[in-house]
Each structure stands twice: as C-alpha cells, then as structure tokens.
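Chemist: Residue numbers (full-length UniProt numbering): 1 to 325.
Let me begin by handing over the structure; questions about it come next.
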Amino acid sequence: MDFGQIINLSLGYIFSPVTIAYALAAVGLAVHFGYAGLLNFGMAGFMAIGAYGYAISILSFGLPWWVGILIGCVGAMIFAFILGIPTLRLRADYLAIVTIAAAEIVRLLFTTQVFDEYTNSADGLGGYHAGFRGANPFPPGTYGFGPFTYSADQLWVRVFGLVLLGIAVYLVWALMRSPWGRVLKGIREDEDAVRSLGKNIFAYKMQALMIGGVFGALGGVVFALPSAVVPAVYQTSLTFFIWTILLLGGAATVFGPVVGAVIFWVLMAFLDAFLPALAAVGVLPITSIQAATLRFILVGVALMLIVIFRPQGIFGNKRELTFVK
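Structure (structure tokens):
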C-alpha cells in the first residue's frame, strides 16, 4: 500500500473542478435552504441545465463560450421560475417531492432521443472545449508542485472556477447582509410574521429560488469544463451529495458550503483509494470493488451522525436551522 500516493490523490481534490462545481451548487442550495428555508431536492436539475445550456450553445449554435455560460444561467432562471410558480406555496415536504421529480424530468428530457440533434441523448456531449481553452491566459507548460501540479488547461479551469466561486460567495455574503437578505431570513423563521408586515412572500421565495438556481447552473458549467456532459451524472444522488456538503459545512453560512465541499471530496477520494488498498492486502474481507462501494455507506452514516449530533454543521448556528427548532 502506497500511503503517500493515496494522500497525494486525496489532496489533489482540494482544487479539483469537481470540488469547485459542488461548492458552487452548495452555495446555491444555501440560498435556497439555509437562508430562504426552501427544501429543494432538485439541484441536479439546475446543474444539468447549466451544463447543457453551455455545451449546446457552443456545439449547436456556434456561440462563444462565455455566451454559453450566460445561456446556462438564463436557462436555470427560467427553470426556477417555471418550477416556483406551482411549488413555492407548498409545504416543505411537498416542495421536496416536487423538486426531486422536476430534476428527474430534466435529466430524462436530456436523455430522450426526441432532442437527440441537440443533446446526443444518453451518449452526452463533448468537443466543446476549444473556445474556453483558446481564452486560456496561461502559456503552455506545467504549473504547481506535488499533488497540485497542473497543465495550462487544467490550471485555467481551476482558476476560472475559483473566480466564479469567489464571486458567488461574495454575492451571497452581500445579499444576506442587505435588507433583502434580512427579509429572506425572516421568511425562513416565520413567514406569517413577515407577511403581516406587508412583504410579498412568494416574490422573495421566487427570487431566492432563481438566484440559487443560477449558482447551481454555474456549478454545472464548471463541472463540464474539463470533460463532457453526460446525463447519467445528474441523478438524484448528485443532489444528495450537495446536501451532505451543505449540512457538513453549515446550511446558513457563507463559507460553510465551500469548506464542506473540500472536506467531502478529499474524504471521498481518500476512501476510494484507501479502502480498496485495505481489501487488496487482506485487511478487509471484501473485494476491491465492494470496498470502493463501501465509501458511500460510510458517507451515508456520516451524514446521519451530522444531522443527529451537529445539524448546524461545522460553521453553522443551530438557532438558524428550521428543522431543529
């Protein structure tokens, strides 16, 4: 067992595009749940719309890569608006059910052959990277050290993703310190009291759903930048991972989703390499494939323990969580 290699592989996920993408989506979910109290279980749908909007804009319509990002964000806003009209007046448990179904509908629409000309159905989309890589400001070469060694294209994806993440974190911080954010948190605590003050509860919830959805779409874009867009990725499990990240870092916090994403993916990468290595040397009486699957069981148990013993997360305040009142 090469423990040093396992550590290097795990540390490499600190700045991985996957980590950055999930952090962006978790920031959006923090707006939905942590600050607005919306129990959204359809973040995978927002990520899929962002990724497909980006890829289809480039491949099918020949638009610049940055226009594709904007189209992905607009698509997420339209999806949030359509989703919010019938659902934002529902109770939290019904909202969760509807958002799960909506995300699955989005994934199946991208999978069906009806739109094969644009989505390539179940095979997904690829080959849309030329424009983004052409905008790379870093000369060809190798950058970094140790587990943080990247090519110019890999560095560009990470820097661009971190810039988007930084903007998202700052916007959430600024919004939640504004009067709009204080009203939103008031809705989370007691929407009847806020309604009695003459505030339009539905409008505030809709705005929160759209803003958080845009951050989810940006997460989908970053997720698609270094690889391909495959519909099988955007399953319900993706949303559950984002929820784990949010609850780990803290639901009603600004930096909690970012730290939660780093911890989650470093731990997942570590277990993905460490558990099969233990199985290979006979420490675990299971096969390497079974050992790789075991990490999901451990993550599920960890999520249960977090909700039971520290539901506010690492940085969260227990008084700000609606489900532990």
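Note that CB positions come from ideal geometry on N, CA and C, so glycine has one too.
It should be emphasised that the depicted structure is a prediction, and the values quoted were computed from it without experimental measurement.
Would you mind stating whether Leu70 and Phe215 have Cβ atoms separated by less than 9 Å?
Modeler: no
Chemist: Looking only at its own chain, which residues have a Cβ that is under 7 Å from the Cβ of Tyr13, when we skip the five neighbours before and after it?
Modeler: Thr19, Trp265, Val266, Ala269
Chemist: Does DSSP classify Gly53 as helix, strand or coil?
Modeler: helix
Chemist: Taking 8 Å as the limit between beta carbons, can you name the residues of its chain near Ala208, skipping five residues before and five after?
Modeler: Counting only Cβ-Cβ distances below 8 Å, and skipping sequence neighbours, we find Val31, His32, Tyr35, Ala36, Leu38, Leu184.
Chemist: Given residue 351, which residues of its chain have a CB within under 6 Å of its CB, disregarding the five upstream and five downstream residues?
Modeler: A query on residue 351 cannot be resolved here, the shown segment of the chain reaching from 1 to 325 and no further.
Chemist: If I measure Cβ to Cβ from Met47 and keep anything under 8 Å in the same chain, skipping five residues before and after, which residues do I get?
Modeler: These residues qualify, in order along the chain: Ala21, Ala25, Gly216, Ala217, Gly219, Gly220, Phe223, Tyr234, Leu238.
Chemist: State buried or exposed for Thr99, treating a residue as buried only when at least 16 other CB atoms are found within 10 Å of its CB.
Modeler: buried
Chemist: Do the segment 60–77 and the segment 249–264 touch if we need at least three Cβ pairs shorter than 8 Å?
Modeler: no
Chemist: Relative to the C-alpha of Ala168, which residue among Ile187, Pro226, Val254 is closest?
Modeler: Val254
Chemist: On a Cα-Cα basis, can you pick out the residue from Val259, Ala135, Pro276, Val27 that is closest to Leu171?
Modeler: Val27
Chemist: Run through DSSP, which three-state label would Val258 get?
Modeler: Val258 falls in the helix class under three-state DSSP.
Chemist: Indicate whether Gly260 and Leu271 have their beta-carbon atoms separated by less than 9 Å.
Modeler: no
Chemist: Look at the alpha carbon of Trp243 and the alpha carbon of Leu303, and state the distance between them as a whole number of angstroms.
Modeler: 9 Å
Chemist: Can you tell me which of the three DSSP states Val229 falls into?
Modeler: strand
Chemist: Would you check if the segment 48–67 and the segment 107–120 touch, i.e. whether three or more CB-CB distances between them fall below 8 Å?
Modeler: yes
Chemist: Can you grab the Cα-Cα spacing for the pair Ala203 / Ile85, in whole Å?
Modeler: 10 Å
Chemist: Among Gly166, Leu225, Arg91, Leu9, which one has its Cα closest to the Cα of Gly68?
Modeler: When C-alpha distances from Gly68 are compared across Gly166, Leu225, Arg91, Leu9, the shortest belongs to Leu225.
Chemist: Looking at Gly256 and Gly213, is the spacing between their C-beta atoms short of 9 Å?
Modeler: no
Chemist: Quick one: is Gly166 buried, meaning 16 or more other Cβ sit within 10 Å of its Cβ, or exposed?
Modeler: exposed
Chemist: For Gly144, which residues does DSSP report across the bridge?
Modeler: Residue pairing by DSSP puts Gly144 in a beta bridge opposite Thr149.
Chemist: Just tell me which of Gly126, Gly146, Pro140 has its CA closest to the CA of Ala152.
Modeler: Pro140
Chemist: Which residue comes first and which comes last in the alpha helix (DSSP H) that contains Ser10?
Modeler: 3–11
Chemist: Does DSSP put Leu39 in a helix, a strand or coil?
Modeler: coil
Chemist: Comparing C-alpha positions only, which one of Gly127, Phe61, Ala277 sits nearest to Ala291?
Modeler: Ala277
Chemist: Please tell me whether Leu83 and Ala102 are closer than 9 Å, where the distance is taken between their beta carbons.
Modeler: Yes, the pair counts as a contact, with Cβ atoms nearer than the cut-off.
Chemist: In terms of residue numbering, what span does the alpha helix (DSSP H) encompassing Gly127 cover?
Modeler: First-last for Gly127: undefined, no H or E at that position.
Chemist: Considering just the uninterrupted stretch of the alpha helix (DSSP H) at Thr111, what are its terminal residues?
Modeler: 92–111
Chemist: Distance check for Ala232 and Gly127, CA to CA, integer angstroms please.
Modeler: 18 Å
Chemist: Which class does Ser178 belong to by DSSP, given the choice of helix, strand or coil?
Modeler: coil
Chemist: Which of helix, strand or coil does DSSP assign to Lys325?
Modeler: With a pLDDT of 42 at Lys325, under the threshold of 50, the modelled position of this residue cannot be trusted; read the value that follows with caution. Coil at Lys325, not helix or strand.
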